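Engineer: My structure is below; once you've seen it, I'll send some questions.
Structure below.
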């Protein structure tokens with residue numbers, strides 16, 4: 002854990018600025034309940050060419066919520082860095098859930114992963130937002146680097162699983178129609 006605090010403290014000492022201190026909290030809080038991801042999903046579901054990707058993204062978000070929010074966070078119940086090192090000025094209210102893994106990172110990369118495996122043109126901008134969101138959690142001192150890294154991996158896996166499930170379901174539906 003010492004190496005993780007070394008990374009977080011390096012970010013605090015070298016990257017904090019008044020400008021970022023105003024922007025990063027607003028950016029991060031926008032994603033607190035995943036509303037932008039659900040809006041993106043709604044847009045994808047509204048148009049026939051992107052509807053399959055929309056269903057895959059919705060499935061990925063659902064898998065991520067089950068795995069992270071209902072599964073791993075309560076299981077590990079890890080303290081957040083801001084709970085341990087109280088000397089760091091908090092820019093956002095302390096999140097109520099456990100630290101491990103990062104739900105923001107997991108959800109962002111579940112969406113990114115689903116879009117990647119669907120070969121969606123939305124993947125580029127979404128993965129860019131996902132990276133910034135994951136980094137914001139470190140900047141805000143609310144997650145350890147391993148929380149974010151594991152969140153990214155779980156999210157990507159949820160995206161892959163959702164797309165695999167959607168493809169299998171679609172193939173089975175086509176088989177039934179052919180019979």
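Residue numbers (the numbering used here): 2 to 180.
By construction, the Cβ of each residue, glycine as well, lies at the ideal position given by its N, Cα and C atoms.
Values in this document were obtained by computation on a predicted structure and should not be read as measured data.
(1) Taking the beta carbon of residue 155 as the centre, do at least 16 other beta carbons fall within 10 Å, making it buried, or is it exposed?
(2) Could you tell me the alpha carbon to alpha carbon distance between residue 74 and residue 84, rounded to whole angstroms?
(3) Would you kindly check if the distance between the Cβ of residue 67 and the Cβ of residue 46 is under 9 angstroms?
(4) Helix, strand or coil, according to DSSP, for residue 34 in the structure here?
(5) Which residue's Cα is closest to the Cα of residue 26: 101, 133 and 151?
(6) Check for me: the alpha helix (DSSP H) holding residue 72 runs from which residue to which?
(7) Return the Cβ separation of residue 131 and residue 113 in integer angstroms, given the expectation that the two are a contact with Cβ distance under 8 angstroms.
(8) In angstroms, rounded to a whole number, what distance separates the CA positions of residue 34 and residue 62?
(9) Distance check for residue 173 and residue 164, CA to CA, integer angstroms please.
(10) In whole angstroms, what separates the C-alpha of residue 6 from that of residue 147?
(11) In angstroms, rounded to a whole number, what distance separates the CA positions of residue 157 and residue 49?
(12) Quick check on DSSP: helix, strand or coil for residue 39?
(13) Would DSSP call residue 99 helix, strand or coil?
Structural biologist: In short:
(1) What you label residue 155 is simply residue 154 of the chain shown in a count that begins at 1. Its Cβ being crowded by 16 or more others within 10 Å, residue 155 is buried.
(2) Counted from its first residue, the chain shown places residue 74 at position 73. Counted from its first residue, the chain shown places residue 84 at position 83. If I take the Cα positions, the gap works out to 16 angstroms.
(3) One-based indexing of the chain shown puts residue 46 at position 45. One-based indexing of the chain shown puts residue 67 at position 66. Against a cut-off of 9 angstroms, the Cβ pair of residue 67 and residue 46 comes out as no contact.
(4) Within the chain shown, the letter at position 33 stands for residue 34. If DSSP states are grouped into helix, strand and coil, residue 34 belongs with coil.
(5) Indexing the chain shown from 1 puts residue 26 at position 25. Nearest of 101, 133 and 151 to residue 26, Cα basis: 133.
(6) Your numbering for residue 72 matches position 71 in the chain shown. Taken as a continuous stretch (DSSP letters only), residue 72 belongs to no alpha helix (DSSP H), as it is neither H nor E.
(7) The count along the chain shown starts at 1 and reaches residue 131 at position 130. The count along the chain shown starts at 1 and reaches residue 113 at position 112. The beta carbons of residue 131 and residue 113 sit about 5 angstroms from each other, so the pair counts as a contact at 8 angstroms.
(8) Walking along the chain shown from the start, residue 34 turns up at place 33. Walking along the chain shown from the start, residue 62 turns up at place 61. Rounded to whole angstroms, residue 34 to residue 62 spans 12 angstroms at the Cα level.
(9) Within the chain shown, the letter at position 163 stands for residue 164. Within the chain shown, the letter at position 172 stands for residue 173. For residue 164 and residue 173, the distance between alpha carbons rounds to 14 angstroms.
(10) Locating residue 6 in the chain shown gives position 5, counting from the first residue. Locating residue 147 in the chain shown gives position 146, counting from the first residue. In a straight line, the C-alpha of residue 6 is about 11 angstroms away from that of residue 147.
(11) Mapped onto the chain shown, residue 157 falls at position 156. Mapped onto the chain shown, residue 49 falls at position 48. Each residue's alpha carbon lies about 25 angstroms from the other.
(12) Here residue 39 refers to the residue found at position 38 when the chain shown is read from its first residue. It is helical.
(13) Start at 1 with the first residue of the chain shown, and residue 99 comes out as number 98. In the structure shown, residue 99 falls within a coil segment according to DSSP collapsed to helix, strand and coil.
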